[in-house]
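A short write-up of the structure that comes next.
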Ligand code: ASP
């Protein structure tokens, strides 16, 4: 093994160059910047190789097919490196960090996703710290999990969500404590980290791109016809972003009828809260109970990103709608409280 860490460079602000149209990724530019910064040549830095994806993207262009490409690279090189760093734009970083845990079964190595709010090429940036610390964690801490490192915080990937469009503390983990804090020291909270897989079975990658899923945020005045329009074939699963602990317009009989018909047609409806923190309690109010009566299943304390990723995964695996409804309520990868 010549290098410790494989960097999979996918795009995002971290490696972007200013242009007339704003920041954009340019092939080879990140590597050039890294070569010009002394920190990346210091002996204490883990040795790394970089695979640059083609094309490099703004993460607003992210697609599940691309998650598959990342998972395949991790499968190919899983045994050759101590860990992996995925460089990714921040806009959809939490979606990728939520999907990869479902895709990487029997993962034994750290997979650290990071990015930055200001590119490495700028004098003042958060890119260098995020990248250097991610390399250190990937090389020296045997965490068998997909994590997101950003702004001094290490989070479980499938628990993280983007919180701040401009601040350096751009992500948070509303319903699971941090896996690590980085200041003068790198403190890892081992008791919060998933156990190493007991089996010696090799890493198995699972596809998530063979399903059609969606998300709909409820708002006061949403009409049943808006809901009906989204609940059309080929849709297989929908995350309903509801109010508070899982409430919706239960005073609208047509809205409820549309939900019931969708359930009968085999569409899996999952209740996630518009509030980032806390969990669904559909039984707490009549306005939530009515949704449950229409077959909507509780998303518990899942983030919307994790609920979408889990739906993608379960539906792509070919589970039947009743099986998917059941499994949505079970913790599979640390994405929800057990
Ligand atoms: N638009 C950029 C992206 O997600 C934003 C970033 O990286 O911070 O690729």
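In our numbering, the protein residues as written are 2 to 339.
C-beta: ideal position from N, C-alpha, C; glycine also.
Bounding residues of the alpha helix (DSSP H) (the contiguous stretch that carries residue i)
i	result
residue 256	254–265
residue 294	287–294
residue 70	65–78
residue 100	94–104
residue 313	305–317
residue 229	225–231
residue 134	128–141
residue 177	Taken as a continuous stretch (DSSP letters only), residue 177 belongs to no alpha helix (DSSP H), as it is neither H nor E.
Cβ pair residue i, residue j closer than 8 Å
i	j	result
residue 314	residue 207	yes
residue 139	residue 86	yes
residue 300	residue 240	yes
residue 302	residue 280	yes
residue 144	residue 111	yes
residue 74	residue 8	no
residue 304	residue 193	no
residue 30	residue 136	no
residue 152	residue 129	no
residue 83	residue 6	yes
residue 47	residue 109	no
residue 244	residue 275	yes
residue 172	residue 155	no
residue 377	residue 13	Here the chain comprises residues numbered 2 to 339, so residue 377 is not present and cannot be evaluated.
Spatial distance of residue i from residue j (CA atoms)
i	j	result
residue 218	residue 77	38 Å
residue 262	residue 246	23 Å
residue 15	residue 81	25 Å
residue 214	residue 288	24 Å
residue 270	residue 310	14 Å
residue 179	residue 195	13 Å
residue 104	residue 332	15 Å
residue 318	residue 210	10 Å
residue 163	residue 264	31 Å
residue 122	residue 95	24 Å
residue 266	residue 119	46 Å
residue 113	residue 60	16 Å
residue 41	residue 35	6 Å
residue 28	residue 124	21 Å
residue 337	residue 307	9 Å
residue 251	residue 58	42 Å
Residues near residue i in its chain [Cβ-Cβ closer than 6 Å; skip 5 each side]
i	result
residue 328	315
residue 54	11
residue 259	225, 228 and 229
residue 189	142 and 181
residue 93	60 and 63
residue 238	214, 269, 312 and 316
Continuous beta strand (DSSP E) stretch holding residue i: start and end
i	result
residue 87	84–88
residue 326	Unbroken run through residue 326 is the alpha helix (DSSP H), 322–329; no beta strand (DSSP E).
residue 54	49–58
residue 156	154–157
residue 30	Residue 30 -> not in any beta strand (DSSP E); alpha helix (DSSP H) instead, spanning 30–36.
residue 214	214–218
residue 248	Taken as a continuous stretch (DSSP letters only), residue 248 belongs to no beta strand (DSSP E), as it is neither H nor E.
residue 270	269–274
residue 12	6–12
residue 167	Taken as a continuous stretch (DSSP letters only), residue 167 belongs to no beta strand (DSSP E), as it is neither H nor E.
residue 114	112–115
residue 187	187–189
Residues near residue i in its chain [Cβ-Cβ closer than 7 Å; skip 5 each side]
i	result
residue 45	none
residue 72	101, 104, 105 and 206
Minimum Cβ-Cβ distance from residue i to chain D less than 8 Å
i	result
residue 241	The structure shown has no chain D; it contains just one protein chain.
Spatial neighbours of residue i in its chain, beta-carbon cut-off 8 Å, leaving aside the 5 residues before and after
i	result
residue 65	100, 209, 210 and 313
residue 335	102, 146, 157, 159, 160, 177 and 195
residue 18	24, 25, 26, 27, 30, 120 and 122
residue 131	15, 115, 116, 117, 150, 151 and 152
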